[in-house]
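The letter at position 47 of the sequence shown is residue 47 when you use the UniProt record's numbering, and the numbering goes up by one with no holes.
The beta carbon of each residue, even a glycine, is placed where N, CA and C say it ideally should be.
Bear in mind the structure is a predicted one, so any value in this text is a computation, not a measurement.
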Amino acid sequence: MSEQGIAGKPQVAVFPKGYIEALSEGRMSLHQWIEEAGTLGADGLEMYPRFFRQWDEAYLNLIKSEAQQQGLQIPMMCSSPDFTHPDAEFRKQQVDHMKHMIQVMAVLGPDDFRSCRVLSGQRRENVSREQGIRWTVESIRELLPAAERHRIHLVMENHYKDGYWTAPEFAQQSDIFLAIADQIESPWFGINYDPSNAVVAGEDPIALLERVKERVLTMHASDRYLMPGHSMSELQQHQSEGYASILVHGVIGRGLNDYPVIFEHLRSAGFQGWISVEDGVNGLEELRDSIAYVKQQIDQSGLGS
């Protein structure tokens with residue numbers, strides 16, 4: 001953890017995977033989600049830019065106050081910048097949008113820790129590996145002064161694909177992800193580790209964690225399992241086609257990820273950050289069960305002690 005990180009036991013945020021479209025399209029209000037989230041046993045909320053209908057400070061403070069009334073903090077923004085577009089003006093707009101998200105989190109977030117996710121961008125056939133890496137590194141470095149000024153951590157996720165993108169993540173594979181992250185040295189930059197995305201990428205999530213665990217500031221927790229009668233070798237054949245139908249969401253701790261081992265690695269690195277539970281695709285009861293499981297694993301592993 002950086003010296004600006006959290007001190008103490010990791011806390012659990014919640015991200016409404018099953019409500020993304022309803023919240024993004026306005027069929028469910030953020031006020032409704034906050035009220036429901038208050039019943040789940042989480043400590044905080046991870047937000048997504050499309051959840052917001054307006055951006056003025058009065059509205060943001062209202063959202064923060066409503067969350068606090070439910071006993072929830074807002075430490076994380078699940079922003080999805082796209083830095084791999086060949087148009088320099090498009091990339092500038094993405095940087096400007098991220099600067100705005102940094103300002104938003106300066107209002108919404110707690111004083112001890114606030115983060116904004118950064119990504120590489122979409123995987124485009126006309127963009128080479130070298131170009132994509134260079135543009136992503138340049139864009140993230142351009143954000144660092146604003147991040148430091150507002151005391152916001154930028155966390156790069158080993159990612160699969162934003163739900164509103166047409167193409168998968170440019171840095172989905174760990175070699176590209178690490179080639180970008182290793183070029184950015186700042187106490188205001190770190191990793192948002194997602195073991196399920198490593199599974200979707202056809203890679204070993206534990207091997208990736210061993211490589212980055214000293215830089216992990218936040219984590220996304222979810223789980224995946226294979227439908228009966230299918231194998232991991234079949235999954236590999238679907239990598240170029242997006243999410244394979246044979247790989248589905250489930251309650252954390254019942255899928256392909258070995259969370260006791262993951263938490264042991266995090267404990268050995270002194271992790272004290274926020275863990276955001278991304279679940280609820282099959283209903284709030286599964287989301288509630290996933291939150292309870294993650295909290296149990298935090299206690300059993302001795303994280304933060």
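Contact check, residue i vs residue j, beta carbons under 8 Å
i, j, result
"R117", "I184", "no"
"D96", "E157", "no"
"S196", "V251", "no"
"A67", "V277", "no"
"E210", "H265", "yes"
"A13", "E46", "yes"
"L144", "F189", "yes"
"W274", "P10", "yes"
"A201", "Q173", "yes"
"A167", "R124", "yes"
"A179", "I191", "no"
"I63", "I133", "no"
"H159", "Q103", "no"
"K99", "A58", "no"
"Y259", "Q297", "yes"
"V199", "P205", "yes"
"P81", "Q94", "yes"
"K17", "V281", "yes"
"F170", "C78", "no"
"Q70", "I34", "yes"
Residue i classed as buried or exposed, judged by whether at least 16 other C-beta atoms fall within 10 angstroms
i, result
"G26", "exposed"
"L217", "buried"
"M101", "buried"
"E241", "Bear in mind that a pLDDT of 41 at E241, under 50, signals an unreliable position, so the number given afterwards is only what the model happens to contain. Per the 10 Å Cβ criterion, exposed."
"S222", "buried"
"M105", "buried"
"A88", "exposed"
"I86", "In the sequence under discussion, the amino acid at residue 86 is Pro, which differs from the Ile named in the question. Exposed, by the Cβ-count rule."
"G283", "exposed"
"N257", "buried"
"P75", "buried"
"Y164", "exposed"
"H249", "buried"
"H31", "exposed"
"K92", "exposed"
"P228", "exposed"
"W135", "buried"
"R288", "buried"
"D279", "buried"
"D56", "exposed"
"G8", "exposed"
Three-way DSSP call (helix, strand, coil) for residue i in this model
i, result
"L226", "strand"
"V281", "coil"
"residue 308", "Nothing about residue 308 can be reported from this structure: the residues present for the chain run from 1 to 305 only."
"N61", "helix"
"Q103", "helix"
"I252", "coil"
"F271", "coil"
"G41", "coil"
"N257", "coil"
"F177", "helix"
"Y19", "helix"
"I184", "coil"
"F263", "helix"
"Y164", "coil"
"W33", "helix"
"L72", "coil"
"P195", "helix"
"G132", "helix"
"V212", "helix"
"E286", "helix"
Residues bridged to residue i [DSSP beta-bridge criterion]
i, result
"R117", "V155"
"M77", "M47, C116"
"S276", "A13, H220"
"L247", "L226"
"Q122", "E169"
"F189", "L154"
CB-CB length for residue i against residue j, believed under 8 Å
i, j, result
"T84", "S128", "Contact flag wrong, Cβ pair sits at about 10 Å."
"G253", "R224", "The Cβ separation is near 12 Å, so there is no contact."
"L108", "L72", "Actually they are not in contact, since the Cβ atoms of L108 and L72 sit about 11 Å apart, beyond 8 Å."
"Q272", "G304", "5 Å"
Closer than 7 Å: residue i CB and nearest the ligand COA heavy atom
i, result
"N61", "This structure does not include the ligand COA; it has no bound ligands of any sort."
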